[in-house]
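This report concerns only the one structure given below.
In the numbering used here, the protein residues as written are 82 to 654.
Quick look at the structure:
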């Protein structure tokens, strides 16, 4: 029974499996047969049949092709029309409007009126002309001294004419300076029995001195853009001075220069400029005690060498002669250099020079207007001056200049009191051979138009031959100037001047020994100014001078005015 059932089940199973296989086969499924071979792996390599032939090179002759050709020349017509090239144009900022005239006037303490006028031509490619008029006077009195009123007047006319590559220039100037020699103290003179009667009879006219000066000049110069052409500068000047106390001086000066680049260069020298300078200075002086006709003549050939791009060397020789009662000739070497160690940032310079100049009456009066016009004149000889310096630009806004020089000067003029004058209120010259050492430093700051400031200091050392002191000359000076512009509406200015003590020459009661007298200690003069612009044409100003109220005794017994104030207005038209 069991076997029968088993056979029956086995048969049914076989029928079902056969039916299932047939259905699956009709759908063609992917084969998923899995074959497992269980046996040890025995790798075997089949024998390879090798090629028995070796490679060989075939020696076959290659036929060289031959070409037969010719070049046929044909001219092709090409039509090309040039189009004009329009040059580039630089459009600058609009030019600032200019006005012809400017007038400034005011009134100050010590009864001081001031008026100044400028009138100029506008922009022109052909000419430039200008006129200047100025008046400044004071009738104030300095306590304890004689009458100190003064008046300064100036009239100046100048013009230029541009003619191609040349410029013609001419000018006229008249100047009148009135002053009183107030350098005495009446309360002290009254105690002197010999001088008291003179003081009682003295008037302002007795103290009066007037200098009239007339100057004229003409000049012609070239400014070629072509460096291979000659350039030249010529100038002639005429100066006439007349003093109230019977003194006159005439000065005629001619100066000229001609030069050009010459074809001389090598691996070091990139450019050479040769020039020849000539100068004739003639003086005719007529005083109460003397009449003189003198002249100084100079001829100076020199050459300027450009070495590389940033080094310049000038070498020359000044041949000079002075003519007085006798004539003398001297030679003075001239050598200078300028080196840009860092372009536009660090520059060093130096040189050796010398020369002869005239102590003219006009030049002495410009230094000391209280001079006795009959004083002795002479020639100043600069035997040799050695100088050097450095310029440093820390930025676009700050720069520093430093220089030093040593000069050997013969016949240097000092001013001393005139002992022949009853009140000793005039000065005469005394001469000495000196060595002068000067050291100067200057710091400059500028921030556009809004702020500018300059501070400078100078030290002097004098090695004298006969004099005990450098009379009336300081050995240190300090200056400071600043300007602050607030939106072109309010402008502040400040100026400070300082100097140390100076000395004047006096004598002991017996008159046989020089006694130096200190005039004053360190002097500081502070000045402030303010300008308020109501509009671009009209402004108001106020100046405060000598705020410390310190009277500077520039010359013995000649103190300056104390605190001063001036207010006024300016007008452009």
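Ideal Cβ positions, reconstructed from N, Cα and C, are used throughout, including at glycine.
{"Query": "In its own chain, which residues sit with a C-beta less than 7 Å from the C-beta of residue 552, not counting the 5 before and 5 after it?", "Result": "495, 496, 497, 584, 585, 586"}
{"Query": "What residue does the alpha helix (DSSP H) around residue 424 start on, and which one ends it?", "Result": "Per DSSP, residue 424 belongs to no alpha helix (DSSP H) and is neither H nor E."}
{"Query": "Going straight from the alpha carbon of residue 443 to that of residue 343, what length do you get?", "Result": "40 Å"}
{"Query": "Buried or exposed for residue 588, please, with buried defined as at least 16 other CB atoms from any protein chain shown within 10 angstroms of its CB.", "Result": "exposed"}
{"Query": "Return the chain-ordered list of same chain residues with a C-beta closer than 8 Å to the C-beta of residue 340, the five sequence neighbours on each side being excluded.", "Result": "311, 312, 313, 354, 355, 356, 357"}
{"Query": "Please determine, among 135, 425, 597, 503, the residue with the shortest C-alpha to C-alpha distance to residue 481.", "Result": "425"}
{"Query": "Going by DSSP in three states, residue 105 sits in which element: helix, strand or coil?", "Result": "Summary for residue 105: the model assigns pLDDT 43, below 50, so the residue's position carries little reliability; its value from the coordinates is reported in the next sentence. It is helical."}
{"Query": "If we require 3 or more residues per run, which beta strand (DSSP E) segments fall completely within the segment 150-237?", "Result": "182-189, 193-201, 208-219"}
{"Query": "Suppose you measure from the CA of residue 195 to the CA of residue 214; what does that come to, to the nearest Å?", "Result": "11 Å"}
{"Query": "For a test of the three-state rule: what should DSSP assign to residue 369, helix, strand or coil?", "Result": "coil"}
{"Query": "By the 10 Å Cβ neighbour count, where 16 or more other Cβ atoms means buried, how is residue 137 classified, buried or exposed?", "Result": "exposed"}
{"Query": "Let me know if residue 332 comes out buried or exposed under the rule of 16 or more other beta-carbons within 10 Å of its beta-carbon.", "Result": "buried"}
{"Query": "Output the boundary residues of the alpha helix (DSSP H) element that contains residue 288.", "Result": "285-288"}
{"Query": "Contact check, residue 542 vs residue 518 under 8 Å by CB: the rounded distance?", "Result": "4 Å"}
{"Query": "Hey, residue 328 and residue 367: beta-carbon distance below 9 Å or not?", "Result": "yes"}
{"Query": "Please report the residue range of the beta strand (DSSP E) in which residue 395 lies.", "Result": "392-404"}
{"Query": "Alpha carbon to alpha carbon, how far is residue 250 from residue 207? Give it in angstroms, no decimals.", "Result": "12 Å"}
{"Query": "Between residue 606 and residue 578, is the Cβ-Cβ spacing less than 9 Å?", "Result": "yes"}
{"Query": "Tell me the DSSP secondary structure of residue 267 in three-state form.", "Result": "helix"}
{"Query": "Where does residue 448 sit, in a helix, a strand or coil, going by DSSP?", "Result": "helix"}
{"Query": "Classify residue 712 as buried or exposed, calling it buried when 16 or more other Cβ atoms lie within 10 Å of its own Cβ.", "Result": "Nothing can be reported for residue 712, as the shown portion of the chain is limited to 82 through 654."}
{"Query": "Apart from the five residues on each side of it in sequence, which residues of its chain come closer than 6 Å, Cβ to Cβ, to residue 360?", "Result": "336, 379"}
{"Query": "How long is the line joining the alpha carbons of residue 205 and residue 217, rounded to whole angstroms?", "Result": "32 Å"}
{"Query": "Using C-beta distances below 8 Å, list every residue in its chain close to residue 420, excluding the 5 sequence neighbours before and after it, in chain order.", "Result": "391, 392, 393, 428, 429, 430"}
{"Query": "So, for residue 544: in the same chain, excluding its five sequence neighbours on each side, which residues have a beta-carbon less than 7 Å away from its beta-carbon?", "Result": "515, 516"}
{"Query": "Could you give the distance in angstroms between the alpha-carbon of residue 458 and the alpha-carbon of residue 512?", "Result": "10 Å"}
{"Query": "Alpha carbon to alpha carbon, how far is residue 372 from residue 504?", "Result": "27 Å"}
{"Query": "Using only alpha-carbon positions, find the residue among 461, 573, 538 that is nearest to residue 484.", "Result": "538"}
{"Query": "For residue 325, which residues of its own chain have a beta-carbon under 7 Å away from its beta-carbon, when the five flanking residues on both sides are left out?", "Result": "289, 290, 291"}
{"Query": "Just mark residue 155 as buried or exposed, buried being the case when its beta carbon has 16 or more other beta carbons within 10 Å.", "Result": "exposed"}
{"Query": "Would you be able to state if there are at least three C-beta pairs under 8 Å between the segment 262-281 and the segment 298-311?", "Result": "no"}
{"Query": "So, for residue 108: in the same chain, excluding its five sequence neighbours on each side, which residues have a beta-carbon less than 7 Å away from its beta-carbon?", "Result": "Low per-residue confidence applies at residue 108: pLDDT is 47, beneath 50, and the placement is therefore not dependable, though the value from the model is reported in the following sentence. None."}
{"Query": "Could you have a look at residue 443 and say whether DSSP puts it in helix, strand or coil?", "Result": "helix"}
{"Query": "Looking only at its own chain, which residues have a Cβ that is under 8 Å from the Cβ of residue 85, when we skip the five neighbours before and after it?", "Result": "In this prediction, residue 85 has a pLDDT of 49, which is less than 50 and means its spatial position is unreliable; what the coordinates show is noted afterwards. Once the five neighbours on either side are set aside, residue 85 has no close Cβ partner at all."}
{"Query": "Can you have a look at residue 639 and say buried or exposed, based on whether 16 or more other CB atoms are within 10 angstroms of its CB?", "Result": "buried"}
{"Query": "State the DSSP-derived secondary structure class of residue 490, mapped to helix, strand or coil.", "Result": "strand"}
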